[in-house]
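Enquirer: Residue numbers (the working numbering): 450 to 687.
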């Protein structure tokens with residue numbers, strides 16, 4: 450069985466997400482696991498899906514009301530480069546910034562946004578997006594420094610595509626009412642894994658996986674596990 454990498458769980462959750470809420474839940478879970486209570490997916494082109502975040506609501510309201518994107522140093526860094534990077538608003542370089550940038554920095558810290566890990570996403574036609582994980586302290590950077598930037602870029606690109614999919618995908622997925630765990634189990638079965646393999650991969654009990662797959666099969670009105678995976682794939686559920 451292949452080695453699991455830090456971003457594998459996020460990539461797998463994105464691949465099997467049933468709706469935008471499932472995507473945000475996956476981002477939140479990944480962030481918490483790696484020391485980041487906050488996340489933000491931000492489109493920089495003003496599109497409909499321009500922001501999905503669990504930042505404090507007051508901070509989000511102030512950010513958009515004051516058009517902070519024009520002075521946000523993280524957004525500026527994203528526009529200048531293409532590689533994932535760590536950042537800290539405690540960096541002394543901010544003391545040389547304009548007064549409005551320093552004020553922005555202080556306000557962000559007051560709302561619990563002090564340090565993080567940002568992944569630029571080039572989305573074509575000269576547009577960009579960014580996926581950021583953030584924390585109220587700099588301890589998160591110790592783990593962030595060990596994350597693979599290639600895997601990070603792949604996960605961020607998949608997330609962007611998922612949020613950009615036609616809403617038809619979500620409508621197709623709704624009737625089956627599969628849980629995220631049931632989707633994940635079916636997806637691994639579709640990849641040729643046994644139920645014991647799936648249990649090992651998801652760090653779950655064999656009985657939990659078996660029951661979940663049986664429930665998914667019933668929900669899809671399928672006769673066998675193979676039939677269930679075929680139906681789920683046809684309906685774009687996994």
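In this text, a Cβ means the ideal position worked out from N, Cα and C, and glycines have one as well. Model, not experiment: these values are computed from the prediction.
(1) So, is residue 588 buried or exposed, given that buried needs 16 or more other C-beta atoms within 10 angstroms?
(2) Could you tell me the alpha carbon to alpha carbon distance between residue 566 and residue 679, rounded to whole angstroms?
(3) Return helix, strand or coil for residue 676, following the three-state DSSP convention.
(4) Does the beta-carbon of residue 533 have 16 or more other beta-carbons within 10 angstroms, so that it is buried, or is it exposed?
(5) According to DSSP, which residues form a beta bridge with residue 576?
(6) Give the single residue among 648, 663, 640, 659 whose Cα lies nearest to the Cα of residue 465.
(7) Among the residues of its own chain, which have a CB less than 7 Å from the CB of residue 627, if the five just before and after it don't count?
(8) With a threshold of 7 Å on Cβ separation, who are the neighbours of residue 598 within its own chain once the five nearest residues in sequence on each side are excluded?
(9) In the DSSP output, which residue or residues are listed as bridge partners for residue 568?
(10) Cβ atoms of residue 524 and residue 491: under 9 Å apart, would you say?
Expert: Looking at the atomic coordinates:
(1) Around the beta carbon of residue 588, fewer than 16 other beta carbons sit within 10 angstroms, so the residue counts as exposed.
(2) Linking residue 566 to residue 679 through their CA atoms gives a straight-line distance of about 38 Å.
(3) DSSP, reduced to helix, strand and coil, places residue 676 within a helical segment of the structure shown.
(4) Buried, since its Cβ has 16 or more Cβ neighbours within 10 Å.
(5) Note: residue 576 is bridge-paired with 573 in the DSSP secondary-structure output.
(6) Here the closest residue by C-alpha is 640.
(7) Excluding positions up to five away in sequence, the list reads 467, 665, 668, 686.
(8) Around residue 598: 532, 533.
(9) Looking at the DSSP output, residue 568 bridges to 580.
(10) With contacts defined by Cβ atoms closer than 9 Å, residue 491 and residue 524 form a contacting pair.
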